[in-house]
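For the numbering used here, count along the sequence shown from 1 and bump the result up by 133.
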Amino acid sequence: MKGKPVAESVYAELRGRLAELNFVPSLHVIRLGEDPASVAYVRLKAKRAKALGLRSTVHVLDEDTPERELLELIAALNRDDDVDGILVQLPLPAHIDVRRVLEAIDPAKDVDGFHPVNVGRLWSQGPGVGIVPCTPAGVIRLLKHYGVTIAGKRAVVVGRSNIVGKPMAALLLYENATVTVAHSRTRDLAAHLREAELVVSAVGRPHYLKPEMLCPGAVVVDVAVVRTEEGLVGDADPAVADVASKLTPVPGGVGPMTVAMLLKNTVDAALRRRG
Ligand code: GUN
């Protein structure tokens, strides 16, 4: 299950919608410090936003910027009617309280979907009311594109982060899967995986997922991207391809979907906010 053609279909839809608008949505990305992965991700987000014809601004702050200054910038962007989307790239330096930062973003402009209001809307109402985190939303889109039935399936999500695992579980539940969330303290992960018809792994431990842990014919979505000497690798051992009926490659699987869904969130947020 390659991500690029699916991301392209998202961009094609967005181009159609943007052509109907009498304004150009704007995305503001905030990055603190020079974490190499964050530098690369933020650059990619801005590049794709521009390519789609959105306005995008990147705010680069020093690693040691006081939390108060970051909160002031967010408050200014919240007040600015011309700003449609705000994203603070994670992880943040240790002296900053992530919760306070995410809660400071106007939920209507929170294109990451990490504000508690959006998290609550996702769990209580499902997607469509608030803003949904980009990576799990991209996974659902990918599965539907490749004709994977989710309803009724036994799904195991490995990883319980706020960015991927938890919202992934909420979306799969909304799609009527029976969902198990496994994590670092799960006893006998293999026993859970052997029952799973759909596995979404977001751990970041290169090649830990072995073919003998899986039910033959399982659909496997590999969300991890880890930089090693061999290049970018995922959670799934290459031999998983021999037992899975469908598998996402790393790189080129979920990755392209994340940015596409971010830009979709930006256009959705702009339309909703501006009526
Ligand atoms: N860091 C890793 N993934 C993400 C993401 O989806 N959004 C933000 N803001 N930071 C991240």
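We treat Cβ as the ideally placed atom computed from N, Cα and C, and that holds for glycine.
Where residue i falls: helix, strand or coil (DSSP)
i, result
"residue 320", "coil"
"residue 198", "coil"
"residue 379", "strand"
"residue 338", "coil"
"residue 365", "strand"
"residue 143", "helix"
"residue 264", "coil"
"residue 271", "helix"
"residue 356", "coil"
"residue 219", "strand"
"residue 370", "coil"
"residue 243", "strand"
"residue 407", "coil"
"residue 387", "coil"
"residue 210", "helix"
"residue 257", "helix"
"residue 350", "coil"
"residue 297", "coil"
"residue 394", "helix"
"residue 409", "What the structure shows of the chain is the stretch from 134 to 408, and residue 409 is not part of that stretch, so it cannot be assessed."
"residue 306", "helix"
"residue 203", "helix"
"residue 325", "helix"
"residue 343", "coil"
"residue 235", "helix"
"residue 138", "helix"
Those residues which DSSP pairs with residue i across a bridge
i, result
"residue 282", "In the DSSP output, where bridge partners are listed per residue, residue 282 has none listed."
"residue 289", "313, 332"
Cβ neighbour criterion (16 or more within 10 Å) applied to residue i
i, result
"residue 156", "exposed"
"residue 170", "exposed"
"residue 209", "exposed"
"residue 180", "exposed"
"residue 274", "buried"
"residue 154", "exposed"
"residue 330", "buried"
"residue 374", "exposed"
"residue 318", "exposed"
"residue 262", "exposed"
"residue 309", "exposed"
Within-8 Å CB hit, residue i to chain C
i, result
"residue 242", "No chain C appears in this structure, which consists of one protein chain only."
Close beta carbons around residue i, own chain, < 7 Å, minus the five adjacent residues each side
i, result
"residue 336", "291, 292, 357, 368"
"residue 402", "217, 218, 241, 242, 244, 264"
"residue 429", "In the structure as shown, the chain starts at 134 and stops at 408, and residue 429 therefore has no counterpart that could be examined."
"residue 259", "307"
"residue 299", "293"
Neighbourhood of residue i by C-beta distance below 8 Å, restricted to the same chain and skipping five residues each side
i, result
"residue 196", "165, 166, 167, 226"
"residue 185", "144, 147, 148, 151, 396"
Chain-order list of residues whose beta-carbon lies under 6 Å from that of residue i (same chain, five-residue window excluded)
i, result
"residue 137", "389"
"residue 372", "344"
"residue 381", "134, 354, 355, 387"
"residue 302", "290, 312, 314"
"residue 211", "239"
"residue 281", "352"
Review point. At which residue ranges does the stretch 149-196 contain complete alpha helix (DSSP H) runs of 4 or more residues, listed in the order of the chain?
Key: 169-185
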